[in-house]
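All remarks here apply to the structure that follows.
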Amino acid sequence: MHAWPAPSIPRLPGRGPALRLFDSATRQVRPTSPGPEARLYVCGITPYDATHMGHAATYVFFDIVQRCWLDAGHSVHYVQNVTDIDDPLLERAIATGQDWREIARRETELFARDMEALRVLPPRDFIGAVESIPSVVACIERLQDRGCVYDLEGDLYFDITADRLFGEVSHLDEDDMLRLFAERGGDPGRPGKRHPLDPLLWRAERPDEPAWDTSLGHGRPGWHIECVAIALDCIGMGFDVQGGGRDLVFPHHEMGASHAEVMTAEWPFARHYVHVGMVGLDGEKMSKSRGNLVFVSRLREDGVDPRAIRLALLAQHYRTDWEWTPLTLSEAQERLASWRAAAAASAVPTAGEADATVERIRERLSDDLDTPGALAAVDRWAEGVRLRGGSAEGARAVAQACDALLGIDLT
Ligand code: 5CA
Ligand code: ZN
């Protein structure tokens, strides 16, 4: 698949500090320690509807991860999947009478336009589930060689008892696992399974469902193995960060780690598992199935500046759950106007203050992506310029840092 065009990023003088991030598996903020090339996998969309603020928050925060690594002197190999075959897509196709492929194509294209408008750096590899079917099949065959796959009426399941470390990502007790598994696409009650939590690797063909002819028979991939196959193909075991919204901690990222570690007999799948809090509306998680959505594309159509949308997201700490309200957007619009006014100012030289602001942005972001702290530093600088004036040189330095680190172009 083709991702979207990359925005340009100014290079800042000096280097940013090492990025520290909260890892769900070890439940602490730890330094990331990438090699010259940092490896990032973020779970992508299931393209059956437009990009809502929850999706946008997830991709904008991982965009900050990438920008921090670039600023710290790493190159970044960023991989993102598109779950372009799965139950929700087929259900939407039946409900609307459209072809599932056409829905997936159209919504993926709209997502790319939204990401471009939000100045999100594109992944180097942007890979659909359908195009990764041969890799998925190879992964399932490797798991079969390990003796941890069983057949139930043609469907293939992974035996979670093969993984001694099962639970290492989510640390949930079994009751919570069972509840979340049922809520998030699992089938704990299916008769004949060895363990209720065993996840589906391969789904045999059903009437009126698409299927692919493979050495495993006629069928389609399960969900978790899709991300494992794509990640291992593109960036291999032990990559730096696997990311997504918090709804993916269990079962998706738990199962992915389990599949990959049993398959390769290596540990870990990812060195950090990083999760963005849920964005809600009216007290409920924003989701396609609940229908309580604010879409990026709708706001753009209404003429909202995408930079204000981005600033509205960055005003939250990525780990907290929060609600989108009209005030979230109006505050971001005011902030954007104040920053732009300061960036355009050029009077008394106060370049020192500008340099301190740039260092403060770097320092706040490297501390587990404290975007509210980084935004407050720019607010203080803009307020200083408003009260006392500022130099053109200082304004350029802060504007470049806003562009490079926060993805906000103040021109
Ligand atoms: N295709 C799978 C991942 S492999 C999937 O979860 N697709 S999705 O379209 O449902 O979500 C895309 C990304 O947005 C995921 O990382 C998901 O965790 C995140 N996400 C979904 N809803 C929200 C929300 N309300 N708040 C924050 N992030 C969300
Ligand atoms: Zn995924």
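Yeah, the sequence shown ends on 410 if you go by numbering that gives the first Met the number 0, and it's all consecutive. Where is the CB? At the ideal position from N, CA and C, for every residue including glycine.
{"Asked": "Entirely enclosed alpha helix (DSSP H) segments - the stretch 332-392, minimum 4 residues", "Found": "350-365 and 370-387"}
{"Asked": "Assigned secondary structure, Gln-79 (DSSP; H/G/I helix, E/B strand, else coil)", "Found": "strand"}
{"Asked": "Distance between Gly-242 and Gly-72 (C-alpha atoms, nearest Å)", "Found": "21 Å"}
{"Asked": "beta-carbon Gly-290 near ligand 1 non-hydrogen atom, thresh 7 Å", "Found": "no"}
{"Asked": "Under the three-state DSSP convention, the category Val-28 falls into", "Found": "strand"}
{"Asked": "Simplified DSSP assignment, three categories, for Ile-84", "Found": "coil"}
{"Asked": "Sheet register partners of Ala-37 (DSSP bridge)", "Found": "Val-75"}
{"Asked": "Contact test: Ala-256 Cβ vs ligand 1 heavy atom, cutoff 7 Å", "Found": "no"}
{"Asked": "Residue closest to Leu-151, alpha-carbon to alpha-carbon, out of Thr-410, Leu-310, Ala-210 and Ala-203", "Found": "Ala-203"}
{"Asked": "Residue range of the alpha helix (DSSP H) that includes Ala-5", "Found": "First-last for Ala-5: undefined, no H or E at that position."}
{"Asked": "Inter-residue Cα distance where the pair is Thr-327 and Ala-311", "Found": "6 Å"}
{"Asked": "Meets three-Cβ-pair contact criterion under 8 Å: the stretch 153-164 and the stretch 9-29", "Found": "no"}
{"Asked": "Buried or exposed (CB count within 10 angstroms, at least 16 for buried), His-413", "Found": "The question about residue 413 has no answer here: the residues shown for the chain are numbered 0 through 410."}
{"Asked": "Identity of the residue in Val-384, Arg-387 and Asp-366 nearest Val-64 by Cα", "Found": "Asp-366"}
{"Asked": "Start-to-end residues for the alpha helix (DSSP H) that takes in Gln-65", "Found": "52-70"}
{"Asked": "Heavy atoms of ligand 2 versus C-beta positions, residues under 5 Å", "Found": "Cys-42 and Cys-226"}
{"Asked": "Paired residues, beta bridge with Gln-412 - DSSP", "Found": "Because the chain in this structure spans residues 0 to 410, residue 412 falls outside the shown range and cannot be described."}
{"Asked": "Min CB distance Thr-324 to chain B below 8 Å", "Found": "The structure shown contains no chain B; it holds only a single protein chain."}
{"Asked": "Sequence ranges, alpha helix (DSSP H) only - wholly within the stretch 139-219, length at least 4", "Found": "173-182"}
{"Asked": "Closest residue to Ala-400 among Pro-12, Ala-2, Ala-307 and Glu-115 (Cα-Cα distance)", "Found": "Pro-12"}
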